[in-house]
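In terms of my numbering, the sequence shown is residues 206 to 451.
Virtual Cβ for every residue (Gly too), placed ideally from N, Cα, C.
This report concerns only the one structure given below.
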Amino acid sequence: YLAGPDIVYGTVAALLGAAFFLVYGVKVAQQARPDAPDSWHTLLEGLRFVYRRKIIFGAVSLDLFAVLFGGATALLPAYASDVLDIGPDGLGILRAAPGVGAALVAIVFAWRPVTRRVGRAMFAGVAVFGLATTVFGVSESFWLSLAALVILGGADMVSVYIRHMLVQLETPDAIRGRVSAVNAVFIGASNELGEFESGLTAAWWGLKPAVVVGGLASIAIAGLWMRGFPALRDMDRFPGTPPPPA
């Protein structure tokens, strides 16, 4: 905005390069691979493990369906031009708002991580995500829409943080890579399919009804999953976390 696209893309490239060298410098012990030959059984073991372990299955599928119905960010260009009338500069600000909210919550978690009632915290994050999506859908004010998107991004970070922790801590070392791959596929599929669903319903019902219905559906998904996965709902601490001192 201030210095042109060259500075923007150059900054992104520099940050990606810095991230690469920081990760490259991490030294880990080499894990011995099992002697069993690769097969379809080993390939699908991660998917079977996710299905059998109800806590992981509940967490991953919760995110899948919540994001599937709550893909309001795909409609931001139409909202900027047809509802808020703010032009490309305002669209850029709205587009950055969920990232700002997610970054602020991530910074808070770096100092004060979630340690108690992790299951309820994840469900609360999804419910707030749906509520913020609904508020954004009915808003005709730029500032209210901006605040809703910031809250939306922060609430999404809560559920993402807890889900990733659960996947890592609930999975044995031998299949953690395959389970993480399943989780990544679910995340990628939910984002892309959610954008498709938002565009399709907007074409059917209009912009505002599509976003509002999606937000309400995300809230309903959180309620249904709380009833369907009680072990996840009632989880107090992450697996392997020591209890607090008496």
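Pairwise C-alpha distance: residue j and residue i
i, j, result
"G419", "A279", "12 Å"
"G263", "L273", "15 Å"
"S286", "A436", "45 Å"
"P210", "G297", "13 Å"
"R325", "M440", "8 Å"
"L412", "A218", "35 Å"
"R432", "P293", "43 Å"
"E397", "V231", "32 Å"
"A407", "F401", "10 Å"
"L227", "G215", "18 Å"
"R257", "I212", "48 Å"
"F391", "S403", "18 Å"
"G393", "I261", "17 Å"
"W430", "R383", "24 Å"
"A208", "W316", "34 Å"
"L349", "A234", "49 Å"
"Y229", "A223", "10 Å"
"F225", "G399", "29 Å"
Residues near residue i by beta carbon distance below 8 Å, same chain, minus five either side
i, result
"W410", "V418"
"P303", "T278, L354, V355, L357, G358, D361"
"R321", "D441, R442"
"I380", "E250, G251, F254"
"L281", "L296, L299, R300"
Residue closest to residue i, alpha-carbon to alpha-carbon, out of the options
i, options, result
"A425", "V288, V384, A329, E400", "A329"
"V319", "Y366, A389, V217, I260", "Y366"
"Y284", "L269, R300, G358, Y256", "R300"
"M327", "L421, H369, L296, F225", "H369"
"A386", "V265, D211, P293, A234", "V265"
"L421", "G276, R317, V233", "G276"
"G306", "A337, R322, D294, P282", "A337"
"V331", "L267, G399, A415, F225", "L267"
"F334", "A315, G382, L405, V416", "V416"
"P444", "L349, F225, V323", "V323"
Cutoff 6 Å; reference residue i; Cβ partners in own chain excluding five residues on either side
i, result
"S395", "L269, V272, L273"
"F347", "L289, I291"
"A427", "F328, V331, A332"
"R438", "G324, M431"
"L405", "none"
"P414", "none"
"L221", "none"
Residues of its chain near residue i, where Cβ-Cβ distance is below 7 Å and the 5 sequence neighbours each way are ignored
i, result
"F434", "K259, G263"
"N388", "V265, V372"
"S423", "A271, F274, G275, V331, F334, G335, T338"
"G295", "A285, L289, F347"
"F314", "Y366"
Cβ contact (3+ pairs, closer than 8 Å) linking the region 299-316 and the region 355-362: yes
Contact the region 347-357 vs the region 251-258: 3+ CB pairs below 8 Å: They do not touch, by the three-pair rule.
Stretch-stretch touch, CB-based, cutoff 8 Å, three pairs: the region 375-382 with the region 333-349: no
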